[in-house]
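Take a look at the structure below.
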Amino acid sequence: MAYIEETGTSAETEPTATPLLRDWIERWITLKIDVSPGTHAEYARMLRHRAAIDLGDLRVGDITRHDHLDPWKASLAQQLRPASVRKLWTVLSQVMRDAVPRYRPDNPMRRPEGNRSNGLPRITAWQACLLDREEADILIAHCPAPIKPLVLAALGTGMRLGELLGLRAGNVSPEMPVPAIRVEQTLSRSGTFGPVKTPRSRRTILLAPHTARLFAAVVADKRHGELVFTAPDGGPWDAGNLRQRYWRTAVIAAQTCRVHPPQASADTAAGPRAVSDCRCSTRLFSAPRFHDLRHSHVAYLIAAGWDFYMIQLRLGHASIKTTFDIYGHLLPHGERDRLQALDEQLPADPTAAHGAV
């Protein structure tokens with residue numbers, strides 16, 4: 032009987048080697064059919080471009096948290112945003128989970144027993160940029176013609192960018208007694224059309240008169256199945272190109288004052304992304320993302336007196352908790368009406384009658 036000298040075990044009883052992680056990832060991607068096409072493409076991109084490159088030569092059964100996963104996590108944290116690290120960790124954890132029990136007894140990416148967290152980098156909450164009416168007017172005035180109707184539509188409906196880019200003319204009814212839009216599909220980052228984010232995202236949005244007139248003009252010459260918003264070449268938009276080439280250009284232009292243009296420093300010239308630093312009211316002081324148009328729409332709804340259940344339905348949130356968590360701080364809580372009563376309870380300032388010392 033033959034023996035392996037290094038281990039002292041019989042070749043006949045040597046355990047079968049587990050697959051390389053890169054091969055297991057490919058099999059997992061092939062068999063992952065319970066997600067939307069856009070999500071599937073995103074999973075495949077993350078796993079192939081990161082996990083398979085960094086850890087692909089390791090065998091699934093040999094991967095440990097101490098030797099491989101924690102050092103990899105630390106390396107990712109130096110290169111990616113916290114949200115990206117967390118997303119990649121979550122997806123690879125699904126891959127490792129599905130290797131249990133065939134190739135290994137446990138998922139090494141689960142939160143360790145007794146630990147309160149997985150040791151992933153914390154996400155700093157993004158502060159939404161809410162545009163008031165004047166700020167929105169400044170931004171719209173600087174939008175290139177190809178995206179101006181799109182920006183107005185986002186401010187008027189609160190729709191996500193993918194939902195707007197996936198909207199078909201047949202889903203717009205601007206001439207009905209109550210003009211409305213039916214949200215049924217979205218354009219994913221990968222450029223494919225698919226169902227909306229959640230069942231609640233499939234919804235009907237009623238249009239205010241200004242927004243109804245906008246949509247009536249945009250779809251006037253379009254057939255039922257044509258996209259409402261198209262790129263300059265007439266085809267579907269590429270969301271990345273839209274943001275980089277058109278949206279960012281509009282924001283920079285809106286932040287630039289004609290009277291006080293960006294100034295070059297002693298060492299460098301004013302680059303194409305430089306903006307003014309004056310306090311003139313004719314320019315935009317913030318740098319909103321496109322998604323901030325959705326947040327701004329909610330601010331308009333709250334100012335107009337809409338309750339949060341109506342807002343949840345309009346935005347397509349799966350839960351009203353999501354709506355409250357994101358926008359609850361914008362809701363008036365009646366403090367102003369109670370300030371006088373509070374003032375009457377506070378001790379008098381003994382210096383008030385004689386002036387502050």
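For this note's numbering, count along the sequence shown from 1 and bump the result up by 31. C-beta: ideal position from N, C-alpha, C; glycine also. Treat the numbers as computed from the prediction; the structure is a model and nothing was measured.
Item, Value
"Given 7 Å as the limit, tell me if VAL116 has its C-beta closer than that to any heavy atom belonging to the ligand NAP.", "The model on display carries no ligand, and the ligand NAP is accordingly not part of it."
"Leaving out five residues on either side along the sequence, give the residues of the same chain with a beta carbon under 7 Å from the beta carbon of ALA130.", "TRP55 and VAL91"
"On the DSSP letters alone, give me the boundaries of the beta strand (DSSP E) that ARG314 sits inside.", "From DSSP, ARG314 is part of no beta strand (DSSP E); its letter is neither H nor E."
"Within 10 Å of its beta-carbon, does ALA105 have 16 or more other beta-carbons around it, so buried, or fewer, so exposed?", "exposed"
"Take GLY193 and list the residues in its own chain whose beta-carbon comes closer than 6 Å to its own, dropping the five residues that flank it on each side.", "THR217 and LEU218"
"Within the same chain, show all residues whose beta-carbon is closer than 6 Å to that of PRO180, passing over the 5 residues directly before and after it, in chain order.", "VAL249"
"Where does ALA42 fall in DSSP's three states?", "Because ALA42 carries a pLDDT of 44, less than 50, the predicted location of this residue cannot be relied on, and the following value inherits that uncertainty. Looking at ALA42 - three-state DSSP - the assignment turns out to be helix."
"For a test of the three-state rule: what should DSSP assign to GLY271, helix, strand or coil?", "helix"
"Closer than 6 Å by C-beta to ALA305: which residues in its own chain qualify, once you throw out the five before and the five after it? Chain order, please.", "PRO293"
"Just the Cα atoms here: how many angstroms apart are THR38 and ASN272?", "Because the pLDDT at THR38 is just 41, under 50, the model does not fix this residue reliably, and the value given afterwards should be weighed accordingly. Approximately 57 Å between the Cα atoms of the pair."
"Measuring CA to CA, which of ASP323, MET190 and TYR358 is closest to GLU166?", "ASP323"
"Here's the rule: buried if 16 or more other CB atoms are within 10 angstroms of the residue's CB, otherwise exposed. What is VAL66?", "exposed"
"Residues bridged to ILE169 by DSSP?", "Its beta-bridge partners do not exist; DSSP assigns none."
"For the putative contact between ARG320 and GLY189, defined by C-beta atoms under 8 Å, what is the C-beta separation to the nearest angstrom?", "Not really, about 14 Å apart at Cβ, beyond 8 Å."
"Anyone know if the C-beta pair for VAL214 and VAL227 falls short of 8 Å?", "yes"
"Please state whether the Cβ-Cβ distance between VAL282 and LEU237 is less than 8 Å.", "no"
"Would you decide whether HIS80 is buried or exposed? Buried here means 16 or more other CB atoms lie within 10 Å of its CB.", "exposed"
"In three-state terms, what does DSSP make of ALA105?", "helix"
"So what does DSSP say about GLY359, is it helix, strand or coil?", "helix"
"Can you grab the Cα-Cα spacing for the pair GLY150 / THR354, in whole Å?", "28 Å"
"What's the call for THR121, buried or exposed, on a 16-neighbour Cβ count within 10 Å?", "exposed"
"If you pair each beta-carbon of the stretch 71–88 with each one of the stretch 138–146, do three or more pairs fall below 8 Å?", "no"
"Identify, in the order they occur along the chain, each residue of the same chain with its Cβ nearer than 7 Å to the Cβ of THR44, setting aside the five sequence neighbours on each side.", "With a pLDDT of 41 at THR44, under the threshold of 50, the predicted position of this residue should be treated as unreliable, though the coordinate-derived value follows. The answer is none, since no qualifying residue turns up."
"Taking just the CA atoms, how far does HIS97 sit from ILE35?", "In this predicted model, ILE35 has a pLDDT of only 37, less than 50, meaning its place in the structure is not dependable enough to derive any value."
"Select from GLY197, GLY347, ALA262 and LEU78 the residue whose C-alpha is nearest the C-alpha of THR229.", "GLY347"
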